[in-house]
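Engineer:
There are 6 protein chains.
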Amino acid sequence: MGMHEYFKSLSDLEKIYRCPGKFKFEEHSVAAHSFKVTKIAQFLGTVEEYNGQEVDWKALYEKALNHDYSEIFIGDIKTPVKYADPDLRERLANVEESMTKHFIEEEIPEEFQAIYHDRLKEGKDETLEGKILSVADKVDLLYESFGEIQKGNPEDLFTQIYQESLSTILNFKELASVQYFLAEILPDLLSGEFTNQTALERISQRILKEHDIEQTFAMDS
Amino acid sequence: MGMHEYFKSLSDLEKIYRCPGKFKFEEHSVAAHSFKVTKIAQFLGTVEEYNGQEVDWKALYEKALNHDYSEIFIGDIKTPVKYADPDLRERLANVEESMTKHFIEEEIPEEFQAIYHDRLKEGKDETLEGKILSVADKVDLLYESFGEIQKGNPEDLFTQIYQESLSTILNFKELASVQYFLAEILPDLLSGEFTNQTALERISQRILKEHDIEQTFAMDS
Amino acid sequence: MGMHEYFKSLSDLEKIYRCPGKFKFEEHSVAAHSFKVTKIAQFLGTVEEYNGQEVDWKALYEKALNHDYSEIFIGDIKTPVKYADPDLRERLANVEESMTKHFIEEEIPEEFQAIYHDRLKEGKDETLEGKILSVADKVDLLYESFGEIQKGNPEDLFTQIYQESLSTILNFKELASVQYFLAEILPDLLSGEFTNQTALERISQRILKEHDIEQTFAMDS
Amino acid sequence: MGMHEYFKSLSDLEKIYRCPGKFKFEEHSVAAHSFKVTKIAQFLGTVEEYNGQEVDWKALYEKALNHDYSEIFIGDIKTPVKYADPDLRERLANVEESMTKHFIEEEIPEEFQAIYHDRLKEGKDETLEGKILSVADKVDLLYESFGEIQKGNPEDLFTQIYQESLSTILNFKELASVQYFLAEILPDLLSGEFTNQTALERISQRILKEHDIEQTFAMDS
Amino acid sequence: MGMHEYFKSLSDLEKIYRCPGKFKFEEHSVAAHSFKVTKIAQFLGTVEEYNGQEVDWKALYEKALNHDYSEIFIGDIKTPVKYADPDLRERLANVEESMTKHFIEEEIPEEFQAIYHDRLKEGKDETLEGKILSVADKVDLLYESFGEIQKGNPEDLFTQIYQESLSTILNFKELASVQYFLAEILPDLLSGEFTNQTALERISQRILKEHDIEQTFAMDS
Amino acid sequence: MGMHEYFKSLSDLEKIYRCPGKFKFEEHSVAAHSFKVTKIAQFLGTVEEYNGQEVDWKALYEKALNHDYSEIFIGDIKTPVKYADPDLRERLANVEESMTKHFIEEEIPEEFQAIYHDRLKEGKDETLEGKILSVADKVDLLYESFGEIQKGNPEDLFTQIYQESLSTILNFKELASVQYFLAEILPDLLSGEFTNQTALERISQRILKEHDIEQTFAMDS
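Protein chains in written order, with full-length UniProt numbering: chain A, 1 to 221; chain X, 1 to 221; chain G, 1 to 221; chain H, 1 to 221; chain Y, 1 to 221; chain Z, 1 to 221.
(1) How do the stretch 148 to 161 of chain X and the stretch 118 to 125 of chain X stand: do at least 3 beta-carbon pairs fall below 8 Å, yes or no?
(2) Select from the stretch 51 to 85 of chain H all residues with a C-beta closer than 7 Å to any C-beta belonging to chain A, and list them in chain order.
(3) So, helix, strand or coil for X:Ser-134, using DSSP?
(4) Please name the residue in X:Glu-193, X:Glu-164, X:Tyr-180, X:Ala-199 whose C-alpha comes closest to that of H:Phe-194.
(5) Please specify which runs of the alpha helix (DSSP H), each continuous and at least 4 residues long, are wholly inside the stretch 107 to 151 of chain Y, giving them in chain order.
(6) Got a sec? Which residues, its chain only, sit under 6 Å from G:Met-3 by beta carbon, not counting five neighbours each side?
(7) Beta carbons nearer than 7 Å to chain Z: which residues of the stretch 175 to 188 of chain Y have them?
(8) Find the residues of chain H that neighbour X:Phe-23, judging by a C-beta separation of less than 9 Å, and give them in chain order.
(9) Is there a Cβ of chain X sitting closer than 8 Å to that of H:Phe-194, yes or no?
(10) Closer than 8 Å by beta-carbon distance: list the chain H residues that pair up with residue 232 of chain A, in chain order.
(11) Do H:Ala-64 and H:Thr-38 come within 8 Å of each other at the CB atom, strictly closer than that value?
(12) Compute the beta-carbon to beta-carbon distance between A:Pro-135 and A:Ile-161, rounded to the nearest angstrom, for a pair I have assumed lies under 8 Å.
(13) Is G:Glu-48 closer than 8 Å to residue 228 of chain G when the C-beta atoms are compared?
(14) Going straight from the alpha carbon of Z:His-211 to that of Z:Leu-141, what length do you get?
(15) Taking all protein chains shown into account, decide if Z:Lys-209 is buried (16 or more other Cβ within 10 angstroms of its Cβ) or exposed.
(16) Looking at the structure shown, is A:Tyr-17 part of a helix, part of a strand, or coil, going by DSSP?
(17) Can you pull the chain H residues whose beta carbon is under 7 Å from the beta carbon of A:Glu-3, in chain order?
(18) Taking the alpha-carbon positions, what's the Y:Glu-62 to Z:Leu-60 distance?
(19) Under 7 Å Cβ to Cβ from G:Tyr-180, same chain only, skipping five residues before and after it: list those, please.
(20) Give the C-beta separation of H:Lys-124 and H:Ser-165 to the nearest angstrom, bearing in mind that I take them to be a contact with Cβ-Cβ under 8 Å.
(21) The stretch 82 to 113 of chain A: which residues have C-beta closer than 9 Å to a C-beta of chain H, in chain order?
(22) Is the beta carbon of Y:Tyr-17 sitting closer than 8 Å to the one on Y:Glu-26?
(23) When the distance is taken between beta carbons, is Y:Ile-108 closer than 8 Å to Y:Val-95?
(24) Listing by chain order, which chain Z residues have their CB less than 7 Å from the CB of G:Pro-154?
(25) Does DSSP classify H:Ser-167 as helix, strand or coil?
(26) What does A:Lys-39 reach in chain H if we use C-beta pairs closer than 7 Å?
(27) Can a CB atom of chain X be found closer than 8 Å to the CB of G:Glu-14?
(28) Among residues of its own chain, excluding the 5 on either side of H:Gly-147, which ones have a beta-carbon nearer than 8 Å to its beta-carbon?
(29) To the nearest angstrom, how far is it from the Cα of X:Leu-92 to the Cα of A:Met-99?
(30) Use the C-beta contact count for H:Glu-214: other C-beta atoms within 10 angstroms, 16 or more gives buried, fewer gives exposed.
(31) Assign X:Ser-29 to one of three DSSP states: helix, strand, or coil.
(32) Since X:Lys-58 contacts G:Lys-58 with CB under 8 Å, what's their CB separation in whole angstroms?
(33) Return yes when the Cβ of X:Leu-128 is within less than 8 Å of the Cβ of X:Gln-197, no when it is not.
(34) So, is Y:Pro-20 buried or exposed, given that buried needs 16 or more other C-beta atoms within 10 angstroms?
(35) How many Å lie between G:Lys-22 and Z:Ala-32 at the Cα?
(36) Does the Cβ of X:Asp-118 lie closer than 7 Å to at least one heavy atom of the ligand SAM?
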C-alpha cells in the first residue's frame with residue numbers, strides 16, 4: 001500500500017507484452033510503447049505549435065505517459081480480437097476501469113487520489129492534446145506492425161493492424177501534425193526495399209484515397 | 001476458416017504465458033501447462049482406479065486437455081488480480097465464453113461443432129473427472145508457485161497462489177488421489193533444502209489443519 | 001524418489017527444445033509439442049469415429065500424451081541428423097529405452113510400475129490408435145517446419161522435414177482422417193501468401209503424386 | 001534522413017539493455033527506464049507542487065523523457081565501470097555529445113534543429129526540474145538494483161549501485177519530494193522479507209546518517 | 001559440402017545449450033564454453049611454463065578449442081544423466097565419434113581430412129596438454145555450477161556437478177597449475193557472501209581432504 | 001583481485017552482445033564470436049601452412065582468442081556508428097586501452113602482468129598471424145551479416161557490414177588463405193536460394209572487381 005506499490009507496478013509494465021499469443025519478430029512491452037508514444041506526441045505537438053496552435057504541454061505529456069497504465073490489470077487484450085464484438089470490448093474496458101478505480105483507492109495516498117483519478121482516466125478526448133494522443137498511439141502501432149510486415153511476418157493480422165492504424169490517423173487529417181506525418185514521414189517509411197513493399201504501398205494509397213488525400217510516394221516517380 | 005485455423009491456434013497457446021506482468025524465474029506457457037495438467041490428471045485417475053473408483057478416461061482426458069483453450073482469446077488474466085472482485089471475474093469469464101462460442105461457429109466445420117461446443121465448455125463439474133481436473137489444475141499451479149518460492153522469488157503473490165492452490169486441493173480431500181498426494185507427494189516436495197523452506201512447511205501445516213487433516217512432514221521427525 | 005520426481009520431470013520437458021543447434025524463428029518445447037500432438041490426435045480420432053471407426057480413446061490419449069516423455073533423458077536428437085545412419089539411430093533409441101526402464105524402476109512406486117512401463121513404451125504400433133499417433137506427430141512436425149519455411153528460414157533442413165512429414169502422413173493414406181487432412185486442411189495451410197509459397201506447393205504436389213493421390217490445391221484454380 | 005530516422009531510433013532504445021555484461025535476473029531497456037523515470041518525476045513534481053513549489057511541467061517532462069536518448073550511439077556504458085577514472089568518463093561523455101550533435105544535423109529537419117539541440121542536451125542542471133530529474137533517475141536505478149539484491153544476485157556491483165543511488169538522492173535532501181521518498185516510500189521498499197534484508201537496511205541507515213538524516217524504518221519497531 | 005558447411009556449423013554451437021532440460025539462471029552455449037575453456041587452458045599453461053614445464057602451445061590450443069565440437073551432432077547429453085550406466089555413456093560416445101568421422105569424410109576437403117581427423121579426436125590424453133584440457137574443462141564446469149549454487153538454484157544437480165568437477169581437478173593435483181588453482185583461485189571463489197556459502201566451503205574442504213590436500217580457505221580465519 | 005576476477009570476467013563476455021541496439025534475428029555474444037574467430041583462424045593458418053608459409057601457431061591462437069577481450073569494459077561499440085568520425089573512434093579505442101591497462105595492474109598477479117599486457121594488446125599487426133586475425137575477424141563478421149541478410153533483415157546496416165567485411169578481407173588478397181576463401185568458400189555461401197540472393201551476389205562481384213579479382217560464382221553458369 002502506498003506509492004511504493006505504484007512505483008513497483010511501473011516495472012510490471014516492462015513485463016506485459018503487446019499483442020500476446022501471436023508470433024512476432026520483435027516484442028514490445030507496454031512500458032516501452034508508452035515511452036515511444038510520449039516521444040512521438042512530443043514531436044507532433046512541436047509541429048502543431050510550429051503551425052500556430054497552442055499546445056497544453058502538461059496535459060499532452062500526462063495523457064501520453066499514462067494512456068496504457070491500466071494494462072497492469074488485465075494486460076494488452078484490446079488488439080483486434082477477431083471474435084469479440086463491440087459489446088464485448090466495451091465490457092472489457094469497463095472491467096479495466098473498475099480495477100483502476102479500485103487500485104487508486106487502495107494504494108494512492110488520499111491527498112493525491114484526485115490527481116491520479118484524473119491522470120489515469122481515458123485521455124483520448126476532443127481536446128487538441130487528446131487528438132494528438134490518438135494519433136501518436138496509432139503512429140507507434142503503425143511502426144510496430146510495419147516492423148513485422150517488413151521482416152516477412154506471415155500473420156495477416158499485422159496488415160490489418162497497419163490498415164486500422166493508418167485509417168485512425170487519417171480521421172485526424174485536419175491536424176497539421178497529421179499532414180506532416182503523411183507528407184514527410186510515411187513516404188520515408190515506405191520507400192525502403194523490403195518484402196511486400198509494393199503491397200503495403202498500394203494499401204496505403206487506397207486508405208489515403210478513401211480519406212480524400214492525394215499523396216504520391218517518393219519512390220513512385 | 002476451418003480446422004486449419006484451429007490447428008494454428010494451438011501454437012498461439014505456446015505464446016501465451018501464465019501470470020503475465022509479474023517477475024518469474026520460469027515462464028510457463030498455456031500449452032505446457034495444459035500438457036502437465038493432463039499428465040497429472042492421468043496419474044490421479046490411476047490412483048482413483050487403484051482405489052476402486054471407475055474412471056471415465058475419455059471424459060477425463062478431454063477435460064484436462066481443453067480446460068484452458070479459451071485463453072487464446074483474452075490470455076491468462078484469471079490469476080489472482082488483487083483489484084478484481086468476484087463480479088468482475090465473472091464478467092471476464094462471460095466474455096471468454098462468448099468468444100469461444102463465436103470461434104466455434106466461425107471456424108469449426110458444422111459436422112463437428114456440437115462436439116467442440118461440448119469439449120470447450122467449462123470442465124470442472126461435479127463428476128469424478130471434473131473433480132480430478134480441479135485438483136490436477138491446482139497441483140500444477142502449486143508446483144509452479146513452489147518453483148518460484150523455492151528459488152527465492154520475493155513477490156508475495158506466489159505464496160498466496162501456493163496457499164490458494166493447496167486450499168482448493170483440500171476441498172477435495174475425500175478423493176483417494178488427494179489423500180495420496182498429501183501423504184506421498186507433498187512431503188517430498190517440501191523436504192528439500194531451500195530458501196523459505198520452514199515458512200512454507202508452516203503454511204502447509206496450517207492449511208492442512210484448517211481442513212482437519214493430520215499430516216506430519218517427513219523432515220519434522 | 002517417488003511420484004514427486006516424476007511430477008518434477010514434467011517441467012523438464014518445458015525446457016527441452018526440439019531440433020537443437022539449428023536456427024529457428026520459433027522454439028517449441030517437448031511439453032508444448034506433446035500437448036499439440038494430443039489435441040491433433042483428438043481431432044483425427046473424431047474424424048475416424050465420424051467415419052464409422054471405433055476409437056479406443058483411452059489408448060489414443062495415453063499414446064499421444066506420453067510419446068516423447070523419454071526425451072527427458074537425452075533430449076530431442078532424432079530429428080534428421082544428416083550424419084547418422086539407421087544403425088546409429090537405433091542405438092540411440094535403445095539407449096533412451098534403457099534409461100526409461102531404469103527411471104521407472106527407481107522412481108515410480110511399485111504398485112504403478114507395470115502401468116508406467118506400458119504407458120512409456122513406444123506407442124506407434126499397428127493399432128488404429130498407434131497409426132493416429134504416427135499421423136498426429138507428423139502433422140505437428142509439418143506445422144512446425146511450415147512455420148519456419150513460411151517466415152523465410154533459409155535452412156534447407158526445414159524443407160526436408162516438411163517433405164519427410166508429409167511422406168510419413170501419406171503412408172497412412174487409407175485412414176479417413178488422413179484423407180480429411182489432405183482434402184480440408186493442407187490446402188488451407190498452403191493457400192496463404194508467403195515466401196516460397198509456390199515452391200512448397202510444388203513439393204507437396206510431387207509427394208502426393210508419388211503416393212498416387214490426386215489433389216488440386218484451392219488456389220490453383 | 002528526416003524524422004523517420006528519429007522515430008525508428010526510438011525502437012533501438014528498446015534493444016539497448018542497461019548495465020550490459022553483468023548477470024541480472026531482470027533486464028531493463030533504455031526505453032523502459034526512460035518511461036519509469038518520467039513517471040517517477042511526475043510524482044516527485046506532484047509532491048513539490050503540493051508543498052508550494054512552482055513546477056515547470058513542460059521542462060520537467062522534456063528532461064525526463066530525453067535524458068538517456070544519446071545512448072543510441074554508444075549504449076549504456078556509464079554504470080560504474082570499476083576501471084575508468086573520471087577523466088575517462090568525461091571523454092566518453094564528450095564522444096556521446098559529439099555524436100548527438102552530428103545526428104541532429106543529419107536527421108532532424110532544419111526548422112526543428114534548435115528545439116532538438118535543446119531537448120537532447122544534458123538535463124541535470126540547477127533548476128528545480130533538473131534536480132527532480134537527478135532524483136528520479138536515481139530512484140529508478142535504486143529500484144533496479146534493489147530488485148537484483150532482493151532476488152539474491154551475488155554480484156556485489158548491485159549493492160554498490162544501491163548505495164551510490166541513495167547517496168545521490170540524499171544530495172537533494174532539501175527537496176520536499178526527497179523527504180517524502182525517505183519518509184513514505186523507502187521504508188515500504190525495505191520492509192518486505194527477502195535475502196539480505198537486514199544488510200540492506202543497515203546500509204541504508206548508514207548512508208542516511210552520513211547525510212544527517214534521522215529515519216527509523218517501519219519494521220525496526 | 002566443403003569448408004562452408006564447417007564454418008556454418010560453428011554457429012550451430014552457439015545454439016546448443018549445455019545441460020538441457022534443467023532449470024538454470026544462466027545458459028551457456030557450447031561455443032562460449034569452448035572459448036572459456038581455451039582461455040582457462042591458456043592461463044594454466046602459463047603457470048606450468050612459469051614452473052619450468054615445457055608446454056606444446058599448438059597442441060594445447062587445438063585440444064581446448066575443439067574438445068566439444070562433436071556436440072553439433074547429438075548435443076550436450078553427457079552431463080550426469082542419473083539413469084545412465086557407464087555402458088550407456090560409452091555407447092553414446094561411440095555414436096558421437098562415428099558421426100564426427102562421417103562428417104569429416106563428407107564435408108572437409110580431402111587435403112585437410114587427416115588434419116581434422118586429428119583435431120576433432122578426443123583430446124584428453126596422457127600428455128601435459130591433455131591433462132591441462134581435462135583440468136580447464138572442469139574449471140569452467142565448476143564455475144558454471146558455482147554460478148548456479150551461488151544464485152540459489154535449488155536443483156541438487158549443481159552441487160553434484162561442483163563436487164564431480166572439483167574431484168576430477170584433484171585427480172591432477174601433481175600439476176603446478178592445479179596447485180595454483182587450489183591455493184590462489186578457489187579460496188577467492190568461495191570467499192564471497194552468498195546463499196549456501198558455508199555448505200559449499202564444507203563440501204570443498206571434504207573433497208580436498210579426500211585427496212590429502214591441506215587448504216585453509218581465506219575466510220576461515 | 002587476482003585471477004578469480006579474470007576468470008569471472010570471461011563469463012561477462014557471454015553477456016555482451018555484438019551490435020547492440022539493432023534488430024537482429026540472431027544474437028552473437030563476444031565470447032561466441034571469439035571462439036568462432038579462433039576456429040576460422042585455425043583453418044586459415046592451415047591453408048597458409050599447406051601453401052608453404054610458416055605459421056607461428058602460438059601467436060596466432062593468442063591473437064585470435066584475446067582480440068576482443070577489452071570489450072568487457074565498454075562493450076561492442078565499434079560496429080559502424082554512422083555518426084562517429086575517425087577521431088571519435090580513436091578516442092573510444094584509447095579509452096578501452098586505458099581500462100585494459102588499469103585492469104591488468106589491479107587484477108593480474110604481478111608475475112604474469114607482462115604476459116597479459118602482451119596478450120591483451122591489439123593483435124592486428126603486420127605479421128602473418130596479425131593478418132590472419134584481421135581476415136578471420138572479418139570472415140566471422142561477414143557470416144554474421146550474411147546470416148541477417150539471408151533471413152530478410154530489412155536493416156540496411158547489415159549490407160553495409162557485409163560490404164565492409166568483404167573489402168577488408170580483400171585488402172589481404174595476397175594471402176593464400178584469402179584466395180582459398182574467395183575460390184572455395186564464398187561461392188558456396190552465395191549459392192543457396194534466399195531473399196536478396198541476386199543483390200548480394202552483385203555486391204560481391206562489384207567489390208571483387210574493385211580489388212581486381214576475377215571470380216565467377218558457381219551459380220552464374
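All residues carry an ideal CB built from backbone N, CA and C; glycine is no exception.
Keep in mind it's a predicted model, so treat the numbers as computed, not measured.
Structural biologist: Checking against the coordinates, here is how it stands:
(1) Three or more Cβ pairs closer than 8 Å define a contact, and the stretch 148 to 161 of chain X falls short of that threshold against the stretch 118 to 125 of chain X.
(2) Trp-57, Lys-58, Tyr-61, Leu-65
(3) Within the second sequence, residue 134 of chain X is the residue found at index 134, counting from 1. Here X:Ser-134 sits in helix by DSSP.
(4) For this step, residue 194 of chain H is matched to residue 194 along the fourth sequence. The candidate whose alpha carbon is nearest that of H:Phe-194 is X:Ala-199.
(5) 110 to 119, 128 to 150
(6) Within the third sequence, the letter at position 3 stands for residue 3 of chain G. So no residue of the chain qualifies.
(7) Glu-184, Ile-185, Asp-188
(8) By 1-based counting over the second sequence, the position of residue 23 of chain X is 23. Going along chain H in sequence order, the residues near X:Phe-23 (Cβ under 9 Å) are Phe-25, Glu-26, Gly-147, Lys-151.
(9) Numbered from 1 along the fourth sequence, position 194 holds the residue referred to as residue 194 of chain H. Cβ-Cβ to chain X under 8 Å: yes for H:Phe-194.
(10) A query on residue 232 of chain A cannot be resolved here, the shown segment of chain A reaching from 1 to 221 and no further.
(11) Here the question's residue 38 of chain H lines up with position 38 in the fourth sequence. Here the question's residue 64 of chain H lines up with position 64 in the fourth sequence. In this structure, H:Thr-38 lies near H:Ala-64, with their beta-carbon atoms less than 8 Å apart.
(12) Start at 1 with the first residue of the first sequence, and residue 135 of chain A comes out as number 135. Start at 1 with the first residue of the first sequence, and residue 161 of chain A comes out as number 161. Sequence inspection shows Val at residue 135 of chain A; the Pro mentioned does not correspond to that position. Contact doesn't hold; Cβ gap of about 16 Å is too wide.
(13) Here chain G covers residues 1 to 221 and nothing more, so residue 228 of chain G does not appear.
(14) As a working mapping, residue 211 of chain Z is identified with position 211 in the sixth sequence. As a working mapping, residue 141 of chain Z is identified with position 141 in the sixth sequence. Cα-Cα distance, rounded: 20 Å.
(15) Position 209 of the sixth sequence, counting from 1, holds the residue named residue 209 of chain Z. Exposed, by the Cβ-count rule.
(16) As a working note, residue 17 of chain A is residue 17 in the first sequence. In this structure, A:Tyr-17 counts as strand in the three-state DSSP scheme.
(17) The sequence position of residue 3 of chain A within the first sequence is 3, counting from 1. Reading off the sequence shown, one finds Met at residue 3 of chain A, where the question assumed Glu. Chain H residues near A:Met-3: Phe-43, Glu-184, Ile-185.
(18) Your numbering for residue 62 of chain Y matches position 62 in the fifth sequence. Your numbering for residue 60 of chain Z matches position 60 in the sixth sequence. Between Y:Glu-62 and Z:Leu-60, the C-alpha separation is close to 12 Å.
(19) Sequence index remark: in the third sequence, residue 180 of chain G carries index 180 (1-based). Hits under 7 Å: Val-47.
(20) Taking the fourth sequence and counting its residues from 1, the one referred to as residue 124 of chain H is at position 124. Taking the fourth sequence and counting its residues from 1, the one referred to as residue 165 of chain H is at position 165. Under the criterion of beta carbons closer than 8 Å, H:Lys-124 and H:Ser-165 do not qualify as touching, at roughly 14 Å.
(21) Pro-109, Glu-111, Phe-112
(22) By one-based count along the fifth sequence, residue 17 of chain Y stands at place 17. By one-based count along the fifth sequence, residue 26 of chain Y stands at place 26. No, the pair does not count as a contact, with Cβ atoms beyond the cut-off.
(23) Walking along the fifth sequence from the start, residue 95 of chain Y turns up at place 95. Walking along the fifth sequence from the start, residue 108 of chain Y turns up at place 108. Against a cut-off of 8 Å, the Cβ pair of Y:Ile-108 and Y:Val-95 comes out as no contact.
(24) The sequence position of residue 154 of chain G within the third sequence is 154, counting from 1. By Cβ distance, chain Z contributes Gln-150, Lys-151, Gly-192, Phe-194.
(25) Here residue 167 of chain H refers to the residue found at position 167 when the fourth sequence is read from its first residue. Three-state result, H:Ser-167: helix.
(26) Position 39 of the first sequence, counted from the first residue, corresponds to residue 39 of chain A. Chain H residues near A:Lys-39: Leu-10, Leu-65.
(27) Here residue 14 of chain G refers to the residue found at position 14 of the third sequence. Taking Cβ atoms only, chain X reaches closer than 8 Å to G:Glu-14, which makes this a yes.
(28) Your numbering for residue 147 of chain H matches position 147 in the fourth sequence. Here the set comprises Phe-25, Glu-26.
(29) Along the second sequence, one-based indexing puts residue 92 of chain X at 92. Along the first sequence, one-based indexing puts residue 99 of chain A at 99. Those two C-alpha atoms are separated by around 12 Å.
(30) Position 214 of the fourth sequence, counted from the start, is the residue given in the question as residue 214 of chain H. Exposed.
(31) In the second sequence, counting from the first residue as 1, residue 29 of chain X sits at position 29. Three-state DSSP puts X:Ser-29 in a strand.
(32) Residue numbering aside, residue 58 of chain X sits at position 58 when the second sequence is read from its first letter. Residue numbering aside, residue 58 of chain G sits at position 58 when the third sequence is read from its first letter. With 8 Å as the limit, X:Lys-58 and G:Lys-58 qualify as a contact, their Cβ atoms being about 7 Å apart.
(33) For the purposes of this step, residue 197 of chain X is taken as the residue at position 197 of the second sequence. For the purposes of this step, residue 128 of chain X is taken as the residue at position 128 of the second sequence. No, the Cβ-Cβ distance between X:Gln-197 and X:Leu-128 is not below 8 Å.
(34) Taking the fifth sequence and counting its residues from 1, one reaches residue 20 of chain Y at position 20. Under this definition Y:Pro-20 is a buried residue.
(35) If you number the third sequence from 1, residue 22 of chain G lands on position 22. If you number the sixth sequence from 1, residue 32 of chain Z lands on position 32. Rounded to whole angstroms, G:Lys-22 to Z:Ala-32 spans 16 Å at the Cα level.
(36) Ligands displayed in this structure: none; no statement on the ligand SAM is therefore possible.
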